[in-house]
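Residue numbers (my numbering), protein chains in the order written: chain P, 1 to 330; chain H, 1001 to 1287; chain G, 2001 to 2326.
See below for the structure under consideration.
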Amino acid sequence: MSTDVTGVSPTAAAAGGAPARRRPRLGPVATTALRLVLTLLGLLTLLFFLVRLSGDPAAVLAGPSATSEQLEEIRTGLGLDEPLLSQYVAFLGDMLRLDFGESVFTGEPALDSVLAVLPATLILVVTTVVTSVVVGIPCGVLLARAGRVARRGVSFAMTLAQAVPSFVLGVGLIFVFAVNLGWLPAFGSGTPATLVMPTIALAAFAVARTARMVAAELEQGEDHDYLRTAYAKGASSRRVLWRHALPNALPAVASAIVVEVSYLLSGAVVVEVLFAYNGIGKRLVDAIFARDYPVVQAAVFVIGVFVIVVNLIGDALVRVIDPRTTRGSA
Amino acid sequence: MSRRSANLSLWLSLGTLLAITLACFLGSALLPDDAGEQALSERLRPPFWSPDALAGSPLGTDAFGRDMLARTLEGGRVSLEVGFGAATGAVLIGTLLGVVAGFWGGWLDRIVMALADVWLAFPFLVIALATVAVVGSDLPVLIALLTLGGWVLPTRVTRTIAQRVRSEDYVVAAAGAGASDAYLMRRHVLPQALPVVLVVWSFTVGALVVIEGALSFLGLGVKPPTPSWGNIMSDGTVYLDTAWWIAAWPATMIVLTVICANGLGNGLRRRWATPDTSRVGEKAAAR
Amino acid sequence: MTDVLSIEDLWVEAGDPRDPVTLVRGVSLSVEAGSVVGLVGESGSGKTVTCMASLGLAGRGVRITRGSVRLGGTELVGADEPTMRRVRGGVVGTVFQDPLGALNPLQRVGDQIAEAVQLHRGGRRRAHRDRVVHLLTQVGVPDPARRARAYPHELSGGMRQRVAIAMALANDPSLVVADEPTTALDVTVQAQVLDVIRRATKDDGRAALIITHDLGLVAEVADRVAVMYAGQIVEKGSVAEVFAAPRHPYTQGLLASRPALEPGRRRLSAMGGRPPLPGSWPVGCAFAPRCPVAVEACTTPPPVDQSDGRWSRCWHPQVESMEGVS
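Structural data, given as structure tokens:
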């Protein structure tokens, strides 16, 4: 190419840029965020209509023993006597103001009652992600580089970890470590010891996924010329692995973990209930059993926002790790 | 993995899955009618290897004195009905959406793909719980719900195939010669998509059996007295210290089913190794 | 003159040890101090494998089964890892074909060059910043201090290959091995990069082994040339002699199929057929099936003809002299 002297190739400049479109295009981060916000809105809308259309919510809320005055009171209290559309508009307005109403049982604002247990879930998710990275990456390296026997062993363990659902693993852990050995508390939250088993139950799957991802990236990257370049410079195979091969596997692994978080939250719901761990998942399930719809809506909303934030952080993280996604795209 | 051991694991997975299915569907019919009946005098009897075992109940009994073998098989029938049913539904819907979106492209394609992205980003169990909370969890509802839980993967893979086939010379030529889109999709896209769809189906069975298990375990899926592996486990959790086998049997069955479903998917993927199937990857073994 | 690199009777194979595929059979090749040798052949001829296996860079499953590779007095066949690491990047600098693939996409190019220095001279990478700038200047990168901070994808193909060359020169090696250094580049840039290579080798008195299928490149920078076919060297000698009067029919074919640069001499006779794949080499002369002058004797392995100070592996001079006798 004739522009060689400038040192910047036209293809390199174009590679990261937005493809030509008629409409002005949002950045990828904004697109992701917008999509997720729309989903959240859609989900809450669905929830709204499901509650309104599946019979009389007032009757559901009041329970079978309620008198007709009580029913009437609940209806007016919730605005259920208004037309559906104006109820929906009011509902959207409430959402914008982050007003989900009060818990039917405690009378406390629904959002507050959910936010109060958010930190517990956050801690659980963080310990799980950290575990999946700290254990998953070495396992992935073993899967890709170890000798036949070790590789078979790790591979078998990973297959098992992927096939054992978190609630099954959780029950197994309780049986071994709480019931038989008595090393760890079976239930509860708030102390580090109560985090151990929920984290293992949740992380097993994520560890296996991370390991397989790392192994696949390493194997795929084995033919990459830059690894041969590193050897040609005189680098040891350990240095090539840790300084060149693994860092190049990380962007893909990071994106995979971001996707993983949505599965993780699904698992967290079950695990929190199983271990009576006081997080959002348990709050959600308790609220469902209690037909405490304001709290259900608030919990779904908070989980949705959580997913959006994780996706944004994940995108940003991949950008930090991989210069190709940011630099040179101007 | 060598070719021989890959084949072995494929046949082993398929065989075990078939055995589990047959046992659950036929076994629960073959057992005596009163197998699942309560017998409060025979509560919490251990499995056959223990001296306290109850004759005729080799896997022990539960807290109501019900035979665990019968419960496990009957629960398996329900779990597999939901799993197979929903996976089949998901694959049918996904294939239809994927083929049409990939073949036609345009706004339909963009909408379907955007939906798929968003659907995957959001924890499905939360959506499922919120829905079950409102509309309840009869079996048809559960199957419909889990169908929605599995539509993305088949949609994505069949879309890729449809896109590729659409641009191949012989298809362009056939279209030029006046072949209708529906004919082209049926004649050219579907046959090429079939192996991949089967691979996706097996992974989806595993994933959905797990989701059904989780919902029922939480008490928001299959409702007692109808057994399912998930709700039997939930019952058994209370008795882990005295009668661990109640939880152990359904747990074993769930794990075995998932391993075999994944093993079948992986095995088929390797056997029909094409660019299409290799892309399905471990992605599918998601929960 | 002393040999910097001396490969003796090198045999290389790959694949399942019980059913190996031979890639290189009995290659002997030497590079004198200060001279540039071109190793020529079509893809699959074993030219890259010969060099990469010698340096232990050929990848998993590729094994040297026989022979010796001596580099400045050090035997590399069977050498331990620390020795190989000292040699790689220290005594031998290597340049690969695809400069984008050869650079780590996640590291600034300056850091990558600095790593090459650091691996052999120790210290921190930042301490070698001046050396990096010096090297980049040497290979003709404008504004080197700024370019050192660029990532590979931000540079053009020519600039990337200059960076790769700078990396190979990092520790002032006595030998540069370059594997198709211009093939992946745009035609307009090839000449510039070739110029850089010539300056870094011939002009600096540094020995080089350049693997290429481009005879024009050999004519421009090399002193000596070796032609490989089907895992063997079929002809070697000084560039002047071989180009003026090729002995081996394969070399003749290669030279004839090269578009002549002078106008009026556009004789472009492509050789028929394709080179045989490793594992399916004919028993006798591997080139015989494509050879325009093949005779019966060519079904048996041809001898090396070293008459007149030349070197070629062909039945022909002998066959002709035998025919002359009878």
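We treat Cβ as the ideally placed atom computed from N, Cα and C, and that holds for glycine.
Since the structure is predicted, the reported quantities are computational estimates derived from the model, not experimental observations.
Residue range of the alpha helix (DSSP H) that includes H/Val1157: Start at 1 with the first residue of the second sequence, and residue 1157 of chain H comes out as number 157. Element bounds for H/Val1157: Val1152 to Arg1166.
CB of G/Leu2136 within 8 Å of CB of G/Thr2182, strictly: In the third sequence, the residue the question calls residue 2136 of chain G occupies position 136. In the third sequence, the residue the question calls residue 2182 of chain G occupies position 182. Contact: no.
I need the DSSP call for G/Trp2011, collapsed to helix, strand or coil. In the third sequence, counting from the first residue as 1, residue 2011 of chain G sits at position 11. G/Trp2011 falls in the strand class under three-state DSSP.
Span of the beta strand (DSSP E) holding H/Asp1169? Mapped onto the second sequence, residue 1169 of chain H falls at position 169. Where H/Asp1169 is concerned, there is no enclosing beta strand (DSSP E), although the alpha helix (DSSP H) it sits in stretches over Asp1169 to Gly1176.
Validate contact between the region 157–174 of chain P and the region 1209–1220 of chain H using beta carbons, cut 8 Å, 3 pairs: yes
Helix or strand or just coil, what does DSSP make of G/Lys2202? The sequence position of residue 2202 of chain G within the third sequence is 202, counting from 1. Looking at G/Lys2202 - three-state DSSP - the assignment turns out to be helix.
Consider the Cβ of G/Gly2101: report whether some Cβ of chain P lies at a distance smaller than 8 Å. As a position in the third sequence, residue 2101 of chain G is number 101, starting the count at 1. Yes, contact with chain P.
Can you tell me whether DSSP reads H/Trp1049 as helix, strand or coil? Position 49 of the second sequence, counting from 1, holds the residue named residue 1049 of chain H. Note: H/Trp1049 maps to coil in three-state DSSP.
Looking at the secondary structure, which residues open and close the beta strand (DSSP E) in which G/Tyr2229 lies? Along the third sequence, one-based indexing puts residue 2229 of chain G at 229. Here the beta strand (DSSP E) through G/Tyr2229 covers Arg2224 to Tyr2229.
Checking the sheet assignment: what are the DSSP bridge partners for G/Gly2038? Taking the first residue of the third sequence as position 1, residue 2038 of chain G is located at position 38. Answer by DSSP bridge pairing, in chain order: G/Ile2210 and G/Val2225.
Starting from the beta carbon of G/Glu2180, find every residue of chain P whose beta carbon is closer than 7 Å, and list them in chain order. The residue labelled residue 2180 of chain G in the question sits at position 180 within the third sequence. Near G/Glu2180 there are no residues of chain P at all, since even the closest Cβ is about 12 Å away, more than 7 Å.
Backbone secondary structure at H/Leu1059 - three-state DSSP: The count along the second sequence starts at 1 and reaches residue 1059 of chain H at position 59. If DSSP states are grouped into helix, strand and coil, H/Leu1059 belongs with coil.
If we call anything under 8 Å between Cβ atoms a contact, is G/Glu2169 one with G/Ala2200? Translated into positions along the third sequence, residue 2169 of chain G becomes position 169. Translated into positions along the third sequence, residue 2200 of chain G becomes position 200. The question names Glu, but residue 2169 of chain G is Leu in the sequence shown. In contact: G/Leu2169 and G/Ala2200 (Cβ atoms closer than 8 Å).
Which residues of chain P have a Cβ atom closer than 8 Å to the Cβ of H/Met1233, listed in chain order? Position 233 of the second sequence, counted from the start, is the residue given in the question as residue 1233 of chain H. Residues of chain P passing the Cβ test: Phe167, Val168 and Val171.
Establish whether the CB of P/Ala249 and some CB of chain G are separated by less than 8 Å. Within the first sequence, numbered from 1, the residue matching residue 249 of chain P stands at position 249. Answer no: the Cβ-Cβ gap between P/Ala249 and chain G never drops below 8 Å.
Name the chain P residues that come within less than 8 Å of G/Met2167, Cβ to Cβ? By 1-based counting over the third sequence, the position of residue 2167 of chain G is 167. The answer, in chain order, is Thr229 and Lys233.
Environment of H/Ser1041 [buried if 16+ CB atoms lie within 10 Å]: Along the second sequence, read from residue 1 onward, the residue named residue 1041 of chain H stands at position 41. Flag for H/Ser1041 reads exposed.
Where P/Phe187 falls, given that 16 or more other Cβ within 10 Å makes a residue buried: Position 187 of the first sequence, counted from the start, is the residue given in the question as residue 187 of chain P. Classification for P/Phe187: exposed.
For the region 2107–2119 of chain G, which residues have a CB atom closer than 7 Å to at least one CB atom of chain P, in sequence order? Glu2115, Ala2116 and Leu2119
Provide the residue span of the beta strand (DSSP E) that contains P/Val120, from first to last. Counted from its first residue, the first sequence places residue 120 of chain P at position 120. In the sequence on display, residue 120 of chain P carries Ala and not Val. From DSSP, P/Ala120 is part of no beta strand (DSSP E) but of the alpha helix (DSSP H) over Leu118 to Arg145.
Sorted by chain position, which residues of the same chain lie with C-beta nearer than 8 Å to P/Ala298's C-beta, five sequence neighbours on each side aside? The residue you call residue 298 of chain P lines up with position 298 of the first sequence. Cβ neighbours of P/Ala298 beyond the five flanking positions: Phe100, Ala110, Leu111, Ser113 and Val114.
Less than 8 Å between C-beta atoms, sequence neighbours within five positions excluded: which residues of the same chain meet that for G/Asp2016? Along the third sequence, one-based indexing puts residue 2016 of chain G at 16. If we look at G/Asp2016 and ignore the five residues flanking it on each side, it has no Cβ neighbours.
Give me the residue from H/Val1258, H/Leu1148 and H/Ile1111 with the minimum Cα distance to H/Val1127. Along the second sequence, read from residue 1 onward, the residue named residue 1127 of chain H stands at position 127. Reading off the sequence, residue 1127 of chain H comes out as Ile, not Val. If we check each option's Cα against that of H/Ile1127, H/Leu1148 comes out closest.
Can you give me the start and stop residues for the beta strand (DSSP E) that G/Leu1982 sits inside? Because chain G is modelled from 2001 through 2326, residue 1982 of chain G falls outside the range shown and cannot be assessed.
Does any C-beta atom of chain P lie closer than 8 Å to the C-beta of G/Thr2048? Within the third sequence, numbered from 1, the residue matching residue 2048 of chain G stands at position 48. No, its Cβ sits nowhere closer than 8 Å to a Cβ of chain P.
DSSP-derived helix/strand/coil call for G/Trp2315: Numbered from its first residue, the third sequence carries residue 2315 of chain G at position 315. Note: G/Trp2315 maps to coil in three-state DSSP.
Bridge partners for G/Thr2074 per DSSP, in chain order? Mapped onto the third sequence, residue 2074 of chain G falls at position 74. Answer is G/Leu2071, bridged to G/Thr2074.
Which class does P/Ala316 belong to by DSSP, given the choice of helix, strand or coil? Here residue 316 of chain P corresponds to residue number 316 of the first sequence, with the count starting at 1. Here P/Ala316 sits in helix by DSSP.
Below 8 Å on C-beta distance, what does H/Phe1203 contact in chain P? As a first step, residue 1203 of chain H must be located in the second sequence, where it is residue number 203. Residues of chain P passing the Cβ test: none, with the nearest at roughly 11 Å.
Taking all protein chains shown into account, decide if G/Arg2266 is buried (16 or more other Cβ within 10 angstroms of its Cβ) or exposed. By one-based count along the third sequence, residue 2266 of chain G stands at place 266. Residue confidence for G/Arg2266 is low, a pLDDT of 43 falling below 50, so the modelled location carries little weight and cannot support an answer.
CB contact below 8 Å: H/Asp1241 versus chain P: Within the second sequence, residue 1241 of chain H is the residue found at index 241, counting from 1. So yes, H/Asp1241 belongs to the interface.
Just the C-alpha distance for G/Ala2219 and G/Arg2162, rounded to the nearest angstrom, thanks. By one-based count along the third sequence, residue 2219 of chain G stands at place 219. By one-based count along the third sequence, residue 2162 of chain G stands at place 162. Straight-line Cα distance between these residues: approximately 21 Å.
Name the one or two DSSP bridge partners that G/Asp2305 has. Taking the first residue of the third sequence as position 1, residue 2305 of chain G is located at position 305. Its beta-bridge partners are G/Ser2312.
List the DSSP bridge partners of G/Glu2032. Position 32 of the third sequence, counting from 1, holds the residue named residue 2032 of chain G. Looking at the DSSP output, G/Glu2032 sits in a beta bridge with G/Asp2003.
Using only alpha-carbon positions, find the residue among G/Asp2223, G/Gly2237 and G/Gly2026 that is nearest to G/Gly2046. Here residue 2046 of chain G refers to the residue found at position 46 when the third sequence is read from its first residue. Of the listed residues, the one whose Cα sits closest to G/Gly2046 is G/Gly2026.
Let me make sure I understand the geometry here. Which of G/Met2159, G/Glu2115, G/His2153 and G/Val2031 has the alpha-carbon closest to that of G/Val2193? Taking the first residue of the third sequence as 1, we reach residue 2193 of chain G at position 193. For the residues G/Met2159, G/Glu2115, G/His2153 and G/Val2031, the minimum Cα distance to G/Val2193 belongs to G/Met2159.
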